[in-house]
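Contents: one structure, followed by commentary.
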Amino acid sequence: MKTLITIFSIVVISLSGFNCPESINEDVVQNQLTFDGYEGGYYFFTNANQQAVVLEVDEETKSPDLVNGNLEGETFKVVYTPVERTATSSTQGIIETVNK
Numbered sequence: 001m002k003t004l005i006t007i008f009s010i011v012v013i014s015l016s017g018f019n020c021p022e023s024i025n026e027d028v029v030q031n032q033l034t035f036d037g038y039e040g041g042y043y044f045f046t047n048a049n050q051q052a053v054v055l056e057v058d059e060e061t062k063s064p065d066l067v068n069g070n071l072e073g074e075t076f077k078v079v080y081t082p083v084e085r086t087a088t089s090s091t092q093g094i095i096e097t098v099n100k
């Protein structure tokens, strides 16, 4: 009986180390998002569930010119790295790529 409990415990502990599929690839998230606008260094998008997604860009990111406002309402495939919200920032992530 002790052997069965030991084997069961080992199996449970070994399986608990697996990550969920969304967290694979170092927590990079890929979504189809609709661009809503740019203001104050933040890019505002809406996802398919009509929830707001606020992102920012680092200097190295190559993306379409979203700042000028000509692409509002357009849908893009956005890849970003989620970040924790802080008291001084409302961003949900750092944009890696933006493609049509």
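Mind the numbering: the sequence shown is residues 1 to 100 in the UniProt record's numbering, read in order. Ideal Cβ positions, reconstructed from N, Cα and C, are used throughout, including at glycine.
Item	Value
Whether residue 37 touches residue 56 by CB criterion (9 Å)	no
Other residues of its chain near residue 31: CB distance less than 7 Å, five sequence neighbours each side excluded	47, 78
Beta-carbon gap between residue 76 and residue 45 smaller than 9 Å	yes
Nearest-angstrom Cα separation, counted from residue 72 out to residue 84	26 Å
Which listed residue (93, 80, 90, 100) has its alpha carbon closest to that of residue 65	100
Cα-Cα separation, residue 172 to residue 13	Coverage of the chain is limited to positions 1 through 100, which leaves residue 172 absent and any answer about it impossible.
Short Cβ contact (9 Å threshold) for residue 58 with residue 95	yes
Extent of the continuous beta strand (DSSP E) run through residue 57	52–57
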